[in-house]
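Have a look at the structure below before the remarks.
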Amino acid sequence: MRIKKKTLLRKLFFILLLFIYLSQIGLAGEQIVLSPDGTNSNQNQINEAIKQAASQAEGITVFLTEGVYPVDNTIIMRSNVKLMGDPNAIVQVSSTRSQWFTGRTGVISCKESIKNVEIAGFQIDGNIKNLPTGYANSQPGREHDCEKLINIGGYSGDFANNIKIHDMKLYNAFSDGIYIIYAQNVEIYDNFISNCQHEGIYFSVVRGGGHIHNNRIAGITSGCARLDNCDTCLVEYNLFFSYGGESYGAYKHGENGLQIGDAGSSKGYNAAKKGYPTRNIEVRFNTFSDPGLRAIWLHGGKNVYIHDNEFVDAAILETMGVPIGDISIDNQPTLEMTEKVFDSIFDILEVEFTDSGTTNQTEEDIHYKVQKTESGRIAGGIKIIGFKDLINIEGVPYIPDNDSVLVKYEAVKAPSFSWNNTGVSKIKKDVDIKTENGNTTATLTVKMEWYKLSTDSTGTTKKKYKTSTAVFSDTVKAPGVLQRPSELKGILYEYPIHSLAYVPSEGLTKVKYEYDGKEVNHIYLLGEQHRNENGVLYTNFSQVNYWKGDLHHQGQFLFIDGPFDPEKMTVTAYTPYETLQVTHFDYVKKDYPEKFYDDWVFPSFGLFVILGFGAWYFIRKILY
Numbered sequence: 035m036r037i038k039k040k041t042l043l044r045k046l047f048f049i050l051l052l053f054i055y056l057s058q059i060g061l062a063g064e065q066i067v068l069s070p071d072g073t074n075s076n077q078n079q080i081n082e083a084i085k086q087a088a089s090q091a092e093g094i095t096v097f098l099t100e101g102v103y104p105v106d107n108t109i110i111m112r113s114n115v116k117l118m119g120d121p122n123a124i125v126q127v128s129s130t131r132s133q134w135f136t137g138r139t140g141v142i143s144c145k146e147s148i149k150n151v152e153i154a155g156f157q158i159d160g161n162i163k164n165l166p167t168g169y170a171n172s173q174p175g176r177e178h179d180c181e182k183l184i185n186i187g188g189y190s191g192d193f194a195n196n197i198k199i200h201d202m203k204l205y206n207a208f209s210d211g212i213y214i215i216y217a218q219n220v221e222i223y224d225n226f227i228s229n230c231q232h233e234g235i236y237f238s239v240v241r242g243g244g245h246i247h248n249n250r251i252a253g254i255t256s257g258c259a260r261l262d263n264c265d266t267c268l269v270e271y272n273l274f275f276s277y278g279g280e281s282y283g284a285y286k287h288g289e290n291g292l293q294i295g296d297a298g299s300s301k302g303y304n305a306a307k308k309g310y311p312t313r314n315i316e317v318r319f320n321t322f323s324d325p326g327l328r329a330i331w332l333h334g335g336k337n338v339y340i341h342d343n344e345f346v347d348a349a350i351l352e353t354m355g356v357p358i359g360d361i362s363i364d365n366q367p368t369l370e371m372t373e374k375v376f377d378s379i380f381d382i383l384e385v386e387f388t389d390s391g392t393t394n395q396t397e398e399d400i401h402y403k404v405q406k407t408e409s410g411r412i413a414g415g416i417k418i419i420g421f422k423d424l425i426n427i428e429g430v431p432y433i434p435d436n437d438s439v440l441v442k443y444e445a446v447k448a449p450s451f452s453w454n455n456t457g458v459s460k461i462k463k464d465v466d467i468k469t470e471n472g473n474t475t476a477t478l479t480v481k482m483e484w485y486k487l488s489t490d491s492t493g494t495t496k497k498k499y500k501t502s503t504a505v506f507s508d509t510v511k512a513p514g515v516l517q518r519p520s521e522l523k524g525i526l527y528e529y530p531i532h533s534l535a536y537v538p539s540e541g542l543t544k545v546k547y548e549y550d551g552k553e554v555n556h557i558y559l560l561g562e563q564h565r566n567e568n569g570v571l572y573t574n575f576s577q578v579n580y581w582k583g584d585l586h587h588q589g590q591f592l593f594i595d596g597p598f599d600p601e602k603m604t605v606t607a608y609t610p611y612e613t614l615q616v617t618h619f620d621y622v623k624k625d626y627p628e629k630f631y632d633d634w635v636f637p638s639f640g641l642f643v644i645l646g647f648g649a650w651y652f653i654r655k656i657l658y
């Protein structure tokens, strides 16, 4: 029996269609999962994955697993794509080819005005120690335009929109860590940036919804952050540290903490003359530790509000073994050095911080002299000197309960009551404290039993008793009682190769995650203790978003690499006043088809199918 040629072709065509279908299955879920491909051109597989993710109706996530991804050309972001990765995934500039990262071509760039993109979770290493120093200013007339690590945005007639970059570790670049141009609704947060030798974060013509917050940036030769020709942007809760010393090919000693103005004030074009003046900028709650030129260089702009920032002397770092004054071409600020700077910030500030609002102070610990006034035959007074364990969160006062009022009071015989032959037998003092209608009132009621001596005709001395009463009071505005949870439930998203855990932060100062012998603290509120004028301790809390410890995170989630084992995890939540064990989690399985295969698998599979079919055909021909 002979198989018709046409029939065979139809079967081969069917097999090819099946192969194409099977090769697409790995892209049909929520993520395309990549691993290093063993070449110096990992951008090829990343770009292909981004292209395929962007082709989906709603876009999907491209996820980089742990490992080093050498790249010798740019990674091209597209709209409606999330590029995310394991905290130990490192995109590293390869030294195997000539310079390619100039102008608007960075390590991560775009070829169109991008919309709805997110870059998060992994590292980018500019690898400047293994690149020629001549790259630094190699583009004529465009100093510092070499090797921007993330260089994305839009165009003057087509602004980019809705960009998020967070939880990245960016380091060792000739130019900017993050450069955003012609964009709106841009949020840059929770990033670590070190040794990027122009700007750490650079906003150029970001107009509306620009938000830079909770970043840790150690800059060299220029600003930790810079806003040129921006409108309606907020810079808050960042730690800016500017290294001194020489740069690796760029100009020396130009370092600033934050630069704000119009580009014409520096070496760029004057975008203000093109309709993009700097205005409506707020800078608040940042910490500047700056041994360089200026903590803040404000050289232009309208409605620029700078308030509630910390400015500290970084010289103390030298005594802590951090050689900040010896930065040079041969002594670049390493990741370890920068981490030491950041981890030592509380020592730099020389302030003792706490995550608890409990002071353990009692009324007996407070020495306060009550001012007395006379009321009839009684001199007395009462004073609300404060509230036990008072906290302020961003200026709003709270107490643990309405029994937290601290009062001092005193009552004695009035000095003017000094008649001869009189005395006091006893003084009874009753204190009543009420909180209503937003006010707390402390009332002291004093009953004094006194007597007058007299002598009768027989010479017998008698005491004639009388009673005097006086009332004293003090009223202050009452803080609100802090609402906090009595029990907590977390959520855990369990993926095949990793898991993400989260505990709602409302009412908490921090959450401590312990997993497999390691721990990390996610800190939401950080407090500093003070005393009021009466000697009462209280705690000022600032809202922060800070992770400290050995475990990794992704955004607001704890990142657990590998299969999740609930027996290995302990979670403890802290309010300003209580400690809570989080024992209940809602588990959500996230079963995405994972690209677990190498690029050769499906082509080889297709080849094997075709060869197998051919073998089957010839065997049948021989047998039949």
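In my numbering, the protein residues as written are 35 to 658. Beta carbons: idealized from backbone N, C-alpha and C, even for Gly.
Selection from the options that minimises the alpha carbon distance to residue i
i, options, result
"residue 442", "466, 456, 403", "403"
"residue 140", "164, 187, 427", "187"
"residue 309", "239, 67, 115, 253", "239"
"residue 167", "552, 208, 113, 408", "208"
"residue 204", "392, 121, 86, 616", "121"
"residue 531", "582, 481, 598, 391", "598"
"residue 454", "107, 488, 561, 480", "488"
"residue 260", "226, 315, 307, 206", "315"
"residue 416", "518, 513, 406", "406"
"residue 578", "271, 164, 463", "271"
"residue 229", "159, 216, 217", "159"
"residue 67", "74, 81, 73, 75", "81"
"residue 113", "198, 170, 74, 182", "198"
"residue 427", "293, 78, 250, 576", "576"
"residue 508", "181, 473, 514", "473"
"residue 267", "277, 241, 539, 248", "241"
"residue 164", "127, 180, 371", "127"
Residue(s) in a DSSP beta bridge with residue i
i, result
"residue 419", "Its beta-bridge partners do not exist; DSSP assigns none."
"residue 194", "217"
"residue 514", "432"
"residue 270", "247, 318"
"residue 508", "476"
"residue 166", "In the DSSP output, where bridge partners are listed per residue, residue 166 has none listed."
"residue 123", "101"
"residue 408", "413"
"residue 259", "235, 292"
"residue 581", "556"
C-beta atoms of residue i and residue j nearer than 8 Å
i, j, result
"residue 185", "residue 219", "no"
"residue 563", "residue 573", "yes"
"residue 84", "residue 64", "no"
"residue 559", "residue 543", "yes"
"residue 593", "residue 534", "yes"
"residue 225", "residue 200", "yes"
"residue 505", "residue 475", "no"
Residue range of the beta strand (DSSP E) that includes residue i
i, result
"residue 555", "552 to 565"
"residue 341", "336 to 341"
"residue 295", "290 to 295"
"residue 16", "Here the chain comprises residues numbered 35 to 658, so residue 16 is not present and cannot be evaluated."
"residue 603", "603 to 608"
"residue 547", "544 to 549"
"residue 532", "532 to 536"
"residue 459", "456 to 470"
"residue 153", "149 to 154"
"residue 206", "203 to 207"
"residue 525", "523 to 528"
Enclosing alpha helix (DSSP H) for residue i [first to last residue]
i, result
"residue 114", "Looking at the DSSP string, residue 114 is not in any alpha helix (DSSP H), and its letter there is neither H nor E."
"residue 87", "77 to 88"
Chain C within 8 Å of residue i, Cβ atoms only
i, result
"residue 599", "As a matter of chain content, chain C is missing from the structure shown, which is built from one protein chain."
Span separating the alpha-carbon of residue i from that of residue j
i, j, result
"residue 660", "residue 131", "Look at the range of the chain in this structure, 35 to 658, and you will see that residue 660 is not part of it."
"residue 484", "residue 493", "22 Å"
"residue 638", "residue 548", "Annotation note: pLDDT 42 at residue 638 (below 50); position unreliable, coordinate value reported separately. The straight-line gap from Cα to Cα measures roughly 44 Å."
"residue 584", "residue 468", "48 Å"
"residue 566", "residue 99", "52 Å"
"residue 450", "residue 457", "13 Å"
"residue 570", "residue 424", "9 Å"
"residue 465", "residue 444", "11 Å"
"residue 251", "residue 227", "5 Å"
"residue 60", "residue 621", "Low confidence applies here, because residue 60 scores a pLDDT of 40, under 50, leaving its location unreliable and the question unanswered by this model."
"residue 645", "residue 75", "In this predicted model, residue 645 has a pLDDT of only 47, less than 50, meaning its place in the structure is not dependable enough to derive any value."
Distance cut-off 7 Å: residue i Cβ against heavy atoms of the ligand FMN
i, result
"residue 109", "Among the components modelled here there is no ligand, and therefore nothing to report on the ligand FMN."
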